[in-house]
Amino acid sequence: MNKHTIPPAPVEGSPVAPPPPGIVRSIGSGIWTSLLNALSLLRESRVAMIGVGLVGFWVIVAILAPVIAPYPPNAQALPFAKPFAAHPDGGTFWLGADHLGRDILSRIIWGSRAVLFYAPLATACAFTVGIVMGLVAGYKRGWIDDVLSRISDIILSFPILVLYVVIISTFGASGLNIVLAVTFASAPGIMRIVRGLVLDLRNRDYVAAAQTRGESSLRIMFVEILPNARGPLIVDACLRLGYTIITIGVLGFLGLGLPPPDPDWGGMVNQTRSMATFAPHMTIFPVIAISSLVLGFNLLADGIREISLKD
Amino acid sequence: MDQRTQIPVLDIKGLSISYHTRAGDIPAVVDFDLVIRPGESVALVGESGCGKSTVANAIMRYMGSNGSIVAGTMRFKGRDILAMDDEELRSLRGNEIAMVYQEPFAALNPSMTIGRQLMEVPMIHEGIAGNEARRRALAILEDVRLPDCERVMASYPHQLSGGQQQRVVIAMALLSNPSLLLLDEPTTALDVTVEAGIIELIGEIKQKFGTAILFISHNLGLVREVCDRVCVMYSGEVIEEGAVGDVFTTMRHPYTRGLFGCIPVPSADKNQRPLAAIRGQLPLPHERPRGCNFGPRCDLFVKGKCDAGPIPMLQAADAGAAPHRARCGRLSATDAPPEIADVAAVGDLAPVESDIVLSIDEMQKYYPVYDRSIAAMIAGTSVRWVKANEELTFDAERGQTIAIVGESGCGKSTFAKVLMGLETATDGTIRFEGDYIGDTSVTSRTTGQIASLQMVFQNPNDTLNPSQTVGSQIARVIRKFGVETERTKVWARVYELLDLVKLPRDFARRMPRQLSGGQKQRIGIARAFAGNPSMVVADEPVSALDVSVQAAVTQLLMDIQRENNTTLIFISHDLSLVRYLADKVVVMYLGQIMEQGRTSDVFEPPYHPYTEALLSAVPVADPNIEKTRIVLEGAMPSPLDPPPGCPFASRCPRKLGAICDEERPPVHVMENGHRIACHIALSALQEVEPVFRRVEPSDTEDAA
Amino acid sequence: MLIFLAKRAGYMVLTMLVVSILLFLLLEVNGDSIAVKVLGPYTTDEQRALWLEANGYNRPAYVRYLEWLGRMVSGDFGDSIRFRAPVADVLWPRLANTAILGGVTFAVMIPLALMLGILAGMREGSKLDRTISVGSIVTTSIPEFASAVLLTFILVFWLGWLPGTSGMSNGFNALELILPVTVLVLYGFGYIARMTRASMAEVMQTPYIRTAILKGMPYRQVILRHALRNALIAPFTVIMLQINWLLSGVIVVEFFFAYKGFGALLLEASLNQDIYLIQACAMVAVFVAVTTQTIADIGYTYLNPRIRFA
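Protein chains in written order, with this note's numbering: chain A, 7 to 317; chain B, 9 to 712; chain C, 9 to 318.
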């Protein structure tokens, strides 16, 4: 972006159209201006704002976990304590304690860290792989498109959880394996979406203009085409984050999640559900936690889609 | 005439329509009056944003969720449309008032056969049973001159061509014999020769059914051929109305004059009558000026008179038998006939050194189509060829403007792609500035070659990358071609280019979505000229723009070309524009050159029969010009399977006989490089009457 | 058309082959670990070596693969370690149970989702639309195990209306199906409803619907005759693909409610490293998934006249 002042020029009687009515988006340079722009855009949709609120809430909780969690997540104090019961070391079990006496509030707070670390990481990896595959398949076409599409069809033909179960049970459960499994299972879907977008965008005149300038394929894919596909991809990213969080929760629930002792929301539900008749708080609070986080992402995705349609 | 005593089919007074947006109410149409009598055909003319489509939707009371009629009355055959409830409206629609739309394919349900869609109309409105409805549908398909009606009844929309689809839509509208037919830009999406057929059909319908017609268009030439009366709209208001003959000869409103000044006429060229663009811009709906909407752009503007308050429609002093009114505060000043603007005559710029920049020799481009089925393998037709370009041969000299003319499917876009290196020629040579580039794709060309040959694209909305600023896109070109490398110098050049295309310098910071179509196209031109090319290929650069903007952008392109002595290859389907700005014309059909030569030679006899048909299809707005009517039947054959003889033989009105189907036609070579590929003897071709003939004003009693 | 079908069937077979190779490589390539899994961890090296020899594990991989493939195709899946019975005896009844669960789920979910989607899409932006849309988003945000917990808490523990598990230990009891079906329907309808809504809303905006209205057709007929025909093409393929989702969803639900179905079987097999059972379950799951995908493809082509009569 050019920073020096524009020299005045002799311009005769040229038409000057004011920018179209509506929100004039300032052309800022730099990440922070773009982020602030994005946030102000989101204000247009109430749904998006609720989504931002929910997600933001959990992100802050995760970041501040060491500060705001009242007790260590694995400290066993008073089994089956009810919500608002008094803690032996002073203070309160705001959300009660589980069957081993661990404070549920602290476990939920600490559990958010694992979720909000692995889910975005896995989604980001999946998107990187998927975008590259989709760009190449959609732009280059030919045999590489055929091969990549076949591969992605084959992977996508697995029911997702079956795929996870088989992978995790073979290679064992760990954070890294979950990330790899999610990447492997999600990348083909992302590739399909990107490929579809690229197939449409590559026929635009500005791509032809770049080609007739002699630009390299790499530059055309990443500079001309990809930035113009960002709308649907952002929406999909939010949705996929939601799915990934659910997946991590489900894997934890099935016993294939992160190995103990890290508190794992899904695992918390599974371990305590048989005792839920007399101590429902042990299962319900983690359920609310995971649902609210996923809801936040889903609302955000829907809000962004709404806004982009209004554009 | 006793028409006057009959109840008007449509009687609109003082209609005002507004859209409700988050930013408030935006008036789209203001104080609109219109009367249509039985059997009359009235045109509603204007550029985009003037409100003409809004009026059509309002007549049907189909305004969408945010539009509403805020004032005025509307009567259909005496009944108040605005007071009708849903059930009454439903019985009107499709039955008494019918509509024909702009995009015929989109207007038809892709999952239903044509027959079922047609039969619905009488079945709903008259409760007729299936067999009778079928009979009626077949009859109406014959009325719109569709061949093989039974087959059409059983087809799905995508199996028909564009022209056939539009005929079906017209048939559907006519099925219940409506009293009023609304046509909203019915031919904009169609090829010129197909358009001519539809226009002729509309004329026949008028005669046969006596339907009243409201014809909405931006094309003044079409209006002249179809309509009796015309209403010109600007920015939501009617600013002139009257009989077509009156308005088109003595335009009284400055905007109407301006419009006519923008339209290239097929009989004049750039040196006789330059295009005079209307300066300024269409005001945005919520920023309309006080008083006359056209004021800020008008040469006759008088402060105090034209911006005081709303201007009413006034009777023009030269009213003949039919009323002629204009919304102008300075009507007396427009009494005199419009003077041809005394634009400095440019004079015929013969190129100083006639060195040949581009030389195409027998260029051929075939695309393979693979059919991998077993049946094809057995028959030996696994690979078939789309013969997009066949034996193209012509030259271009430095500084010349060569126009490549033809309809969709003729191969002109393919030719552009091969020239630019996006494809490579299958055979033949292309020589550009001494280098053979026909078989080098753009990735193998040198930077110098690439910079020397650039392109302006068709669609202004797609020509710029929406995610980058305008200035950075131009800067990229400058840097890529090495014109400048140092930062300040690059940006200096960007600003110079913006000056060149007459845009303010601070546009460099804007994003493409903040620019209008015409402005984006100017940037496209700036970008093409950024590398100082010696040749520019312009692929339909102004087809997607409004008439007045077209004039301005075309003029700009010509000026830049002249200053830089650039060779311009101008691809277009618009023959009037081509006549106006080209030095040489190449006419293509189904991938082959039918005729080529100097512009003045091509537009006069001897013609190739296809050229003749193309010329006769051009809608002409000047009432003083009469033209031959030739309507082509059938459709262009598929390039997968071109006929062995002359490609035009299947539709040629002057076909000699079997020789045309079997043998390739010889090329008649005349002086000045004028060539025609035809079996007909040159002497016979030379005796053909010119398509456009100037007639005396007193002779213009044409029944449209 | 026949060629198209043949091509599709060909792709199916190809996919199954590739998947089978991958599965085989994944699970059987390391002979020693298999021996450990089959015989248990407390065996000696010689015992394992003997077993490997006896079961033909010392032959080259491709020979083993082809033999394995042959057995798979003929229905012999080997023996389950956990259940100590032929895999086939365990697998098929469980699959039937899941089919019942899936069948009832779809019978409830599809009409519900389609209707909600159509109603929402018909009047885009209306209150009904907003309610249905938000409802769909909320229900798809609550994972199956979460809604299972909540529903169990309300309907089993608090109100006591339904049994808490669905083991069917006393023969078939329809009441025991209600909770699993409800959980699946609750999570699954949202996606279909939103796809249908999007498709319907898009169709309502098309010019040909405008043509139908301006032809004077009654609104009801416009919807039934013109809109639905086009709007339901996309949801049809989505519904087929939801069968794919169902195979995943049943794992959680069956596990939660102890329903003796295919999903629970796969989970048990994985947790217990029951190789042959895992292989068989995975192959069956993929087969069902690929079949439904193929049907979806064929159906889409059939329903869309533009492709059918090209």
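Cβ coordinates follow ideal geometry from the N, Cα and C atoms, glycine included.
If the five residues before and after B/Leu648 are omitted, its C-beta is found closer than 7 Å to the C-beta atoms of Val377, Arg392, Val394, all from its own chain and listed in chain order. Chain-order list of chain A residues neighbouring C/Phe165: Ala282, Thr283, Pro286, by C-beta distance under 8 Å. Counting only residues of its own chain and dropping the five nearest sequence neighbours on each side, A/Val58 has a CB closer than 7 Å to the CB of Leu48, Leu306.
Look at A/Val256: its C-beta is under 8 Å from a C-beta on chain C. Here B/Glu249 has Cys239, Arg333 as same chain residues with Cβ atoms under 6 Å from its own Cβ, once five neighbours each way along the sequence are excluded. Residues of chain C whose Cβ lies closer than 9 Å to the Cβ of B/Ile89 do not exist, since the nearest Cβ in that chain is about 14 Å away. Relative to the Cα of C/Ser88, the nearest Cα in the group C/Val294, C/Asp305, C/Glu276 belongs to C/Glu276. At least one CB atom of chain A sits nearer than 8 Å to the CB of C/Leu255. Fewer than three pairs of CB atoms, one per stretch, sit closer than 8 Å, so the stretch 114-124 of chain A makes no contact with the stretch 82-95 of chain A.
As the crow flies, the alpha-carbon of C/Val230 is around 15 Å from that of B/Ser99.
Here the C-alpha atom of C/Val142 lies approximately 57 Å from the C-alpha atom of B/Thr454. Under the three-state reduction of DSSP output, C/Arg16 falls in the helix class. Judged by DSSP in its simplified three-state form, C/Asp53 adopts helix. Along the stretch 69-135 of chain A, the alpha helix (DSSP H) occurs as fully enclosed runs of 4 or more residues at 71-74, listed in sequence order. Counting of Cβ neighbours within 10 angstroms places B/Ile213 among the buried residues, the total reaching 16 or more.
Residue nearest to A/Tyr145 within the set A/Ser175, A/Leu167, A/Gln217 is A/Gln217 (criterion: CA-CA distance). A/Pro269 is a Cβ neighbour of A/Pro79, given a cutoff of 8 Å.
Fewer than three Cβ pairs drawn from the stretch 572-592 of chain B and the stretch 304-315 of chain B lie within less than 8 Å of each other, which leaves the two stretches out of contact. When the beta-carbon positions are compared, B/Ala162 and B/Thr121 come within less than 8 Å of each other. Under the Cβ distance rule, B/Gly525 does not count among the residues neighbouring chain A, no pair being separated by less than 8 Å. Within the model, the alpha-carbon separation for B/Gly102 versus B/Thr619 is close to 39 Å.
Interface criterion not met: the Cβ of C/Thr52 is under 8 Å from no Cβ in chain A. Residue contact with chain B for C/Ile126: absent (no Cβ-Cβ distance below 8 Å to any residue of chain B). Under the Cβ criterion of 8 Å, B/Met161 is not counted among the residues facing chain C.
Contact annotation: the stretch 243-250 of chain A touches the stretch 287-305 of chain A, with at least three C-beta pairs closer than 8 Å. Annotation for B/Asn74: Tyr27, His28, Thr29 place their beta carbon closer than 8 Å to its own, counting only its chain and skipping 5 residues before and after. When the beta-carbon positions are compared, C/Ala156 and C/Ser207 stay at least 8 Å from each other.
In this chain, the beta strand (DSSP E) harbouring B/Lys373 covers 364-378. Three or more beta-carbon pairs separated by less than 8 Å link the stretch 110-120 of chain B to the stretch 211-222 of chain C, which places the two stretches in contact. For B/Ile684 and B/His581, the gap between their C-alpha atoms comes out near 19 Å. Measuring C-alpha to C-alpha distances from B/Asp669 to each of B/Ala657, B/Met678, B/Ile601, B/His676 identifies B/Ala657 as the nearest. Residue pairing of B/Asn397 in beta bridges, as defined by DSSP: B/Lys373. By a beta-carbon distance limit of 8 Å, B/Thr201 does not contact B/Ala692. Their separation comes to about 23 Å. Taken through DSSP and simplified to helix, strand or coil, A/Tyr145 comes out as helix.
Apart from sequence neighbours up to five positions away, the residues of its chain that approach C/Leu285 with a beta-carbon distance below 6 Å are Ser88, Val95, Ala277, ordered along the chain. Per DSSP, the continuous alpha helix (DSSP H) segment holding A/Phe259 begins and ends at 236-260.
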